[in-house]
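Q: Under our numbering, the letters of the sequence shown match residues 24 to 268, in that order.
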Amino acid sequence: MKTRNILLFSILVLLAACRADDKRGTAPVQMITNFEGVGQTFEVSFTKGKDFNHPVIALWLETADGKYIQTLYISQSVATGYFQHGDDKSGRWERGPRRRPATVPYWSHKRNVKETDGLYVPTTATAIPDAYTGPTPLNNFILKTKSDSLLKNPVRIVLEVNQAFDFNRTWTTTLFPGDEYYATSGQPSLIYATDAIDLNSPVEKYEMKLIGHGHYSGATGELFTDVSGFSTALGIVKEVVVRVK
């Protein structure tokens, strides 16, 4: 009986420890970008959805009427043009420089920096400064960031998210045969945005809303509002809340 009680106690302790580990595992990752910015401070709380799986994320400021101001955060792979995983021309799956304009095309065309190959995504030679980038978190995260300078007019914050090779019954592997950029994407990027933020009198919080998707191969910076053919991509994001600090 004594041995049985000890065993039962040990199991209960182990279960409690596992639950504690689970709780710790869901604690948001704390991130900081543009620490030296001298403008307003923004806090972005990102809660992942059930289909979150190593997505690429772009986050930026724009005017209330949609003109790009600056990047607040961009996943390291896009910022540097160097991806940790990818199918190279020899058919091998390995890390290295990649040109993937379909990843976050709405952001890249808003940024409007055209490279020598005609694409609007950074290369390893024209990487975005470290102050605005970092690895994509593997869990929920809270990003604290600043605008480069003090802003006076209303703004909004926009988020674009995409997961590689995320095909479904609508966005199939054979939908655009021969398109090398679509071939590494699948369901196009999804775009979320806040309402206009009055920086002189901000409210307590701003919840981002889904506003559409990007171009399937990154050929343009258009915003497409019909997301009826999307499935797992809609499960990448559960909630994004922005606060002005």
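A virtual CB, placed ideally from N, CA and C, is assigned to each residue, including glycine.
For clarity, every value in this text was computed on a predicted model and none was experimentally measured.
Counting C-beta neighbours from all protein chains within 10 Å, is the total for Leu-95 16 or more, i.e. buried, or is it exposed?
A: Stepping through the sequence shown from its first residue, residue 95 is reached at position 72. With 16 or more other Cβ atoms within 10 Å, it is buried.
Q: Under 8 Å between the Cβ atoms of Val-101 and Thr-139?
A: For the purposes of this step, residue 101 is taken as residue 78 along the sequence shown, with counting starting at 1. For the purposes of this step, residue 139 is taken as residue 116 along the sequence shown, with counting starting at 1. No, Cβ-Cβ distance for Val-101 and Thr-139 is not below 8 Å.
Q: Confirm, please, whether the CB-CB distance from Pro-78 to Thr-159 is below 8 Å.
A: Reading the sequence shown from its first residue, position 136 is the one you call residue 159. Reading the sequence shown from its first residue, position 55 is the one you call residue 78. Yes, these two residues count as a Cβ contact at 8 Å.
Q: From the DSSP output, read off the bridge partner residues of Phe-65.
A: The residue you call residue 65 lines up with position 42 of the sequence shown. Note: Phe-65 sits in a beta bridge opposite Thr-168 and Val-267.
Q: Look at Lys-232 and Ala-216 and say whether their C-beta atoms are less than 8 Å apart.
A: Here residue 232 refers to the residue found at position 209 of the sequence shown. Here residue 216 refers to the residue found at position 193 of the sequence shown. Result yes, Cβ atoms of Lys-232 and Ala-216 sit closer than 8 Å.
Q: What are the boundary residues of the alpha helix (DSSP H) that Trp-282 is part of?
A: Here the chain has residues from 24 to 268 only, and residue 282 is not among them.
Q: For Ala-148, which three-state DSSP category applies?
A: Locating residue 148 in the sequence shown gives position 125, where the first residue counts as 1. Helix at Ala-148.
Q: Starting from the Cα of Asn-135, find the closest Cα among Val-265, Ala-242 and Phe-247 and give me that residue.
A: Indexing the sequence shown from 1 puts residue 135 at position 112. When only C-alpha atoms are compared, the closest one is Ala-242.
Q: DSSP three-state label for Arg-122, please.
A: As a position in the sequence shown, residue 122 is number 99, starting the count at 1. Looking at Arg-122 - three-state DSSP - the assignment turns out to be coil, as it is neither helix nor strand.
Q: Measuring only the C-alpha atoms, how far is Ser-254 from Trp-83?
A: Sequence index remark: in the sequence shown, residue 254 carries index 231 (1-based). Sequence index remark: in the sequence shown, residue 83 carries index 60 (1-based). Taking the straight line joining both Cα atoms gives about 25 Å.
Q: If you draw a straight line from the C-alpha of Thr-195 to the C-alpha of Pro-177, how long is it?
A: Position 172 of the sequence shown holds residue 195. Position 154 of the sequence shown holds residue 177. One C-alpha to the other measures close to 40 Å.
Q: Quick check on this structure: which residue in Ile-259, Thr-70, Pro-128 and Gln-53 has the alpha carbon closest to the alpha carbon of Tyr-205?
A: Start at 1 with the first residue of the sequence shown, and residue 205 comes out as number 182. Tyr-205 has its Cα closest to that of Pro-128, out of Ile-259, Thr-70, Pro-128 and Gln-53.
Q: Label Gly-104 either buried or exposed according to how many other C-beta atoms from any shown protein chain fall within 10 Å of its C-beta, with 16 as the threshold for buried.
A: Numbered from its first residue, the sequence shown carries residue 104 at position 81. Buried: at least 16 other Cβ atoms inside 10 Å.
Q: Please report the distance separating the alpha-carbon of Gln-107 from that of Arg-266.
A: Counting from 1 along the sequence shown, the entry for residue 107 is found at position 84. Counting from 1 along the sequence shown, the entry for residue 266 is found at position 243. In a straight line, the C-alpha of Gln-107 is about 32 Å away from that of Arg-266.
Q: Check whether chain B comes within 8 Å of Leu-222, counting only Cβ atoms and requiring the distance to be less than that.
A: In summary, chain B is missing from the structure at hand, where a single protein chain is found.
Q: Specify the secondary structure class of His-132 as computed by DSSP and reduced to three states.
A: Position 109 of the sequence shown, counting from 1, holds the residue named residue 132. Looking at His-132 - three-state DSSP - the assignment turns out to be helix.
Q: So Gln-93 is in the beta strand (DSSP E); what residue range does that whole segment cover?
A: In the sequence shown, the residue the question calls residue 93 occupies position 70. Counting along the chain, the beta strand (DSSP E) containing Gln-93 begins and ends at 91-98.
Q: Suppose you measure from the CA of Asp-189 to the CA of Val-260; what does that come to, to the nearest Å?
A: Position 166 of the sequence shown holds residue 189. Position 237 of the sequence shown holds residue 260. Near 14 Å, if we compare the C-alpha coordinates of Val-260 and Asp-189.
Q: Report the option in Pro-152, Ala-154, His-132 and Tyr-155 whose CA atom is closest to the CA atom of Val-144.
A: Looking up residue 144 in the sequence shown gives position 121. Of Pro-152, Ala-154, His-132 and Tyr-155, the residue nearest in Cα terms is His-132.
Q: Give the single residue among Ser-224, Asn-223, Asp-221 and Gly-209 whose Cα lies nearest to the Cα of Gly-252.
A: The residue you call residue 252 lines up with position 229 of the sequence shown. The candidate whose alpha carbon is nearest that of Gly-252 is Gly-209.
Q: Using the C-alpha atoms, what's the distance from Thr-193 back to Ser-98?
A: Counting from one through the sequence shown, the residue named residue 98 turns up at place 75. Counting from one through the sequence shown, the residue named residue 193 turns up at place 170. Spanning the two alpha carbons is a distance of roughly 27 Å.
Q: Look at the Cβ atom of Thr-70, then the Cβ atom of Glu-262, and state whether they are nearer than 8 Å.
A: Here residue 70 refers to the residue found at position 47 when the sequence shown is read from its first residue. Here residue 262 refers to the residue found at position 239 when the sequence shown is read from its first residue. Yes, Cβ-Cβ distance for Thr-70 and Glu-262 is below 8 Å.
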